[in-house]
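Participant: After the structure tokens below, expect a handful of questions from me.
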Amino acid sequence: MKEITLQIDGKEIRARDGMTVLEAASKVGIQIPTLCYHEALEPYGGCRLCTVEVEERGRTNLVASCLYPVAEGLIVRTRTPKVDKLRKTILELLLAHAPDSPILEEYAKEYGAKKDRFEKHPSFCILCGLCVRYCAEVKKANALSFISRGTSREINFIPEISSKVCWDCKECFPLCPTSYLQAAYVLTQGLYSQEPPFEVKGLKGVTAC
Amino acid sequence: MDIKRVDEIIDKYNAEEGALIQILLQLQSENHWLPKEVLARVSERLNVPMSRIQHITTFYKAFSLVPKGRHQVRVCMGTACHVRGAPRVLDRLEDIVGIRPGETDMDLKFSLETVNCLGCCALGPVVEVDGKTYGRVSPSQVDVVINQYE
Ligand code: SF4
Ligand code: FES
């Protein structure tokens, strides 16, 4: 494996070719905040909280460090005023959705993010995809997925599968940065343990919303 | 939908995982919507988890997971059609077929939907039924258009 030398926050660092900036930084104890990153999962790049400034051949750029590969001579800055401001805004946007998430609150303190900057949209899920990806990639159970798109995107358990496998697993619960995952699971269980609440076949006069 | 027909369509694509969207599109166009049993069959034959099928079928607007009528009526609500009176055309349509955009009537005859531009603004207000375009539709002509369909 080729060794690469790069600079992170002024420190010379050796890394393996193919590593991401985030991995190289955490190897030497430099902390970069993340929400959607998990070492057992494929990088996702969904939350953008791990954004850092990189400089290559005199050009600077803002990139997601959990996806950005290390390169020879790369200069990385993990805390610049620009980066901090960006993270603050991301946190404020996420807080509008999940105001009581412990990890968001913690980061908010560090970056001075205010909970009430944006109008509240209490969807509670921040769409980090940890639960969906963990279930698909690690457990290979595929009990839940994202449905819909854009602003109406949400997670959804498949009742037939989740009623069989989830009770004995629940490994995704502690991964969720909010309490939404658990709530969604309980709701699915509740609805499914009775008869399915609606009859799909031959449904007449339905609303497609 | 007949499971035999579902299998035929799947076989046409050699039950290849990569053809998932093509298969779903063909099922959608033949049946007008995708019932749960059909999706379960696709999942089983292509060896694709149901979660992924659910993700895809709810992502693209081309797919419907609820029954759709035999005729798909689209009313353009784009800027040009809007100023040329599309809201009044839509009102009249709603009155005749008895449903609002996004709905399907009891006899599964019509599904009504609004779209944001059909790409022929000079013809506005535009109504499209099963892919056939009707231009410069006035509220009073809506009846004539709709009554052609059984
Ligand atoms: S439910 Fe939790 S873990 Fe799953 S996507 Fe939403 S915030 Fe992330
Ligand atoms: S941790 Fe990099 S985008 Fe979420």
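So the sequence lines, in the order shown, correspond to chains S and Y. Residues 113 to 321 in the numbering used here are what the first sequence spells out, letter by letter. Residues 43 to 192 in the numbering used here are what the second sequence spells out, letter by letter. Glycine included, every Cβ here is placed at the ideal spot set by N, Cα and C.
Mapping DSSP to helix, strand and coil, what is Y:Ala-104?
Facilitator: coil
Participant: Going by DSSP in three states, Y:Thr-99 sits in which element: helix, strand or coil?
Facilitator: helix
Participant: If we count the other Cβ atoms within 10 Å of its Cβ and call it buried at 16 or more, is Y:Met-148 buried or exposed?
Facilitator: exposed
Participant: Which of helix, strand or coil does DSSP assign to Y:Cys-163?
Facilitator: helix
Participant: Tell me whether the segment 226–234 of chain S and the segment 131–146 of chain S touch, counting them as touching only if at least three CB pairs, one residue from each stretch, are closer than 8 Å.
Facilitator: These segments do not touch.
Participant: Counting contacts by CB-CB distance shorter than 8 Å, is Y:Arg-119 in contact with chain S?
Facilitator: Arg is not the amino acid found at residue 119 of chain Y; the sequence shown has Met there. False, the Cβ-Cβ gap to chain S never drops below 8 Å.
Participant: If you reduce the DSSP assignment to three classes, tell me which class S:Ala-208 lands in.
Facilitator: helix
Participant: Please list the residues of the segment 78–91 of chain Y that have a C-beta atom closer than 7 Å to any C-beta atom in chain S, keeping them in chain order.
Facilitator: Lys-78 and Pro-91
Participant: Note down, in chain order, each residue of its chain lying with its Cβ closer than 6 Å to the Cβ of Y:Pro-167, except the 5 sequence neighbours on either side.
Facilitator: Hits under 6 Å: Cys-123, Arg-126, Gly-127, Ala-128, Val-131 and Val-179.
Participant: Report the option in S:Tyr-219, S:Leu-256, S:Arg-199 and S:Ser-264 whose CA atom is closest to the CA atom of Y:Phe-101.
Facilitator: S:Ser-264
Participant: Would you mind giving the Cβ-Cβ distance between S:Val-195 and S:Val-133, rounded to the nearest angstrom? I have them listed as a contact below 8 Å.
Facilitator: Contact doesn't hold; Cβ gap of about 13 Å is too wide.
Participant: As a quick exercise: from Y:Lys-54, Y:Gly-60, Y:Arg-116 and Y:Asn-158, pick the residue whose alpha carbon is nearest that of Y:Val-139.
Facilitator: Per the Cα distances, Y:Arg-116.
Participant: So with Cβ pairs under 8 Å, would you call S:Asn-268 a contact of chain Y?
Facilitator: yes
Participant: Taking Cβ-Cβ distances below 8 Å as the criterion, which residues of the segment 282–299 of chain S are in contact with chain Y?
Facilitator: none
Participant: Which bits of chain Y does S:Leu-256 rub up against, with CB to CB less than 8 Å?
Facilitator: Ser-93
Participant: Using the beta-carbon of each residue, which ones in chain Y are nearer than 8 Å to S:Ser-260?
Facilitator: Thr-100 and Phe-101
Participant: Mind the definition here: the segment 282–296 of chain S touches the segment 238–246 of chain S only if three or more C-beta pairs lie below 8 Å; say whether that holds.
Facilitator: Contact between the segment 282–296 of chain S and the segment 238–246 of chain S is established, with three or more Cβ pairs separated by less than 8 Å.
Participant: Taking 8 Å as the CB-CB limit, is Y:Gln-96 close to chain S?
Facilitator: yes
Participant: Ignore the nearest five residues each way along the sequence and tell me which others in S:Leu-118's own chain have a CB closer than 6 Å to its CB.
Facilitator: Ile-125, Val-182 and Leu-186
Participant: Quick check: is the beta carbon of S:Ala-183 nearer than 8 Å to any beta carbon in chain Y?
Facilitator: no
Participant: Just checking my contact of Y:Leu-69 with Y:Val-48 at CB under 8 Å: how many whole Å lie between their CB atoms?
Facilitator: Yes, Y:Leu-69 and Y:Val-48 are in contact; Cβ-Cβ is about 7 Å, under 8 Å.
Participant: Distance, Cα to Cα, Y:Ser-182 vs Y:Asp-137?
Facilitator: 12 Å
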